[in-house]
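Chemist: Residue 13 is where the sequence shown starts when you use my numbering, and the numbers rise one by one after that. Sharing a structure here in structure tokens format.
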Amino acid sequence: MHDRPPLANAYLHTIDLCLLRYNRDSGELDILLHQRDSEPFAGHWALPGIVVNGDVEDRSLNDAVERLRRSSKVDMPLAWLEQVGTVGDAFRDPRCWSSSTFYLGIASEPVQPGPQQGFFSLREVASGTFKLPFDHNSLVAQAHERLLSKSLYSSLPLMFLGNEFSAPEAVAIFSIVLQRPVLKTSIRQRLLKMSEAGYLRDTGRKKSGDGGRPQATLDNLKPEQVYLFDRCFLE
13 MHDRPPLANA YLHTIDLCLL RYNRDSGELD ILLHQRDSEP FAGHWALPGI VVNGDVEDRS
73 LNDAVERLRR SSKVDMPLAW LEQVGTVGDA FRDPRCWSSS TFYLGIASEP VQPGPQQGFF
133 SLREVASGTF KLPFDHNSLV AQAHERLLSK SLYSSLPLMF LGNEFSAPEA VAIFSIVLQR
193 PVLKTSIRQR LLKMSEAGYL RDTGRKKSGD GGRPQATLDN LKPEQVYLFD RCFLE
């Protein structure tokens, strides 16, 4: 007689992605979820992920991440991607002992979700109001905390805006990400420092802003890099 489930001696390692976007209609951040088509939790919304060395051999974590990015679970351009951490225990997956290396990603381009894809409120998922299987709510909460802490001292929130944006849009996205009003003067000072450091430049173009007034736009010259500020937003 076995006192353990059939897969008690098995082990799974997964790559899971917390992919966020700025929803301009709601003024909030959304997270991409995938509707599972297999057990456990078939039909439930969960983080897009893959099993490392499952049906396809992965020679590194980077190989597995790239495979996930190209899969139908994601299949959209990312402006930012970073590893958040690794978790694992005997209880997070009902099949067996498992671990997950999970990532924070940011999409800046508006993309229509495909089959079994959907964008949901990051706030509701991170708080656990919207329940996910496994420990995915906890992974989302940790990724959200990484976004918040890193945004206190870097230009990371600008990744949500794409390569061209206005100063008012920068103020709005920092306020949304940091979950508190941010002074216009503080943002403009930081944008000026980024321009002086060669990260941004004036495009010479304008776009409609608040109240329909045209706003000058900036071009991100280093779209894959974040700028580290000399002062935290809380100082």
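In this text, a Cβ means the ideal position worked out from N, Cα and C, and glycines have one as well. Being a predicted model, the structure only gives us computed values, none of them experimental.
What do you get for residue 51, buried or exposed, if any count of 16 or more other CB atoms within 10 angstroms of its CB means buried?
Modeler: Here residue 51 is taken as the residue at index 39 of the sequence shown, counted from 1. Residue 51 comes out exposed.
Chemist: For residue 61, which of 198, 80, 103, 41 has the nearest alpha-carbon?
Modeler: Counting from one through the sequence shown, the residue named residue 61 turns up at place 49. Closest by alpha carbon: 80.
Chemist: Determine whether the beta carbon atoms of residue 233 and residue 189 lie at a separation below 9 Å.
Modeler: Against the sequence shown, residue 233 aligns to sequence position 221. Against the sequence shown, residue 189 aligns to sequence position 177. Cβ atoms of residue 233 and residue 189: not closer than 9 Å.
Chemist: On the DSSP bridge assignment, give the partners of residue 33 in chain order.
Modeler: Numbered from 1 along the sequence shown, position 21 holds the residue referred to as residue 33. DSSP, once it has assigned bridges, lists 42, 119 as partnering residue 33.
Chemist: Which of helix, strand or coil does DSSP assign to residue 224?
Modeler: On the sequence shown, residue 224 is found 212 positions in, with the first residue counted as 1. DSSP places residue 224 in helix when its eight states are reduced to three.
Chemist: Given this structure, state the Cα-to-Cα distance separating residue 112 from residue 55, to the nearest angstrom.
Modeler: Within the sequence shown, the letter at position 100 stands for residue 112. Within the sequence shown, the letter at position 43 stands for residue 55. Roughly 21 Å separates the two Cα atoms.
Chemist: Could you give the first and the last residue of the continuous beta strand (DSSP E) run that contains residue 101?
Modeler: The residue labelled residue 101 in the question sits at position 89 within the sequence shown. Residue 101 -> beta strand (DSSP E) spans 92-101.
Chemist: Kindly identify the DSSP beta-bridge partner or partners of residue 146.
Modeler: The residue you call residue 146 lines up with position 134 of the sequence shown. Looking at the DSSP assignment, residue 146 forms no beta bridge with any residue, so it has no partner.
Chemist: Starting from residue 219, follow its DSSP beta bridges and name the residues at the other end.
Modeler: Counted from its first residue, the sequence shown places residue 219 at position 207. Looking at the DSSP assignment, residue 219 forms a beta bridge with 227.
Chemist: With a threshold of 16 other CB atoms inside 10 Å of the CB of residue 117, please say whether the residue is buried or exposed.
Modeler: Stepping through the sequence shown from its first residue, residue 117 is reached at position 105. Burial call: buried.
Chemist: With 16 other CB atoms within 10 Å as the buried threshold, where does residue 169 fall?
Modeler: Numbered from its first residue, the sequence shown carries residue 169 at position 157. Answer is buried; the Cβ neighbour count reaches 16.
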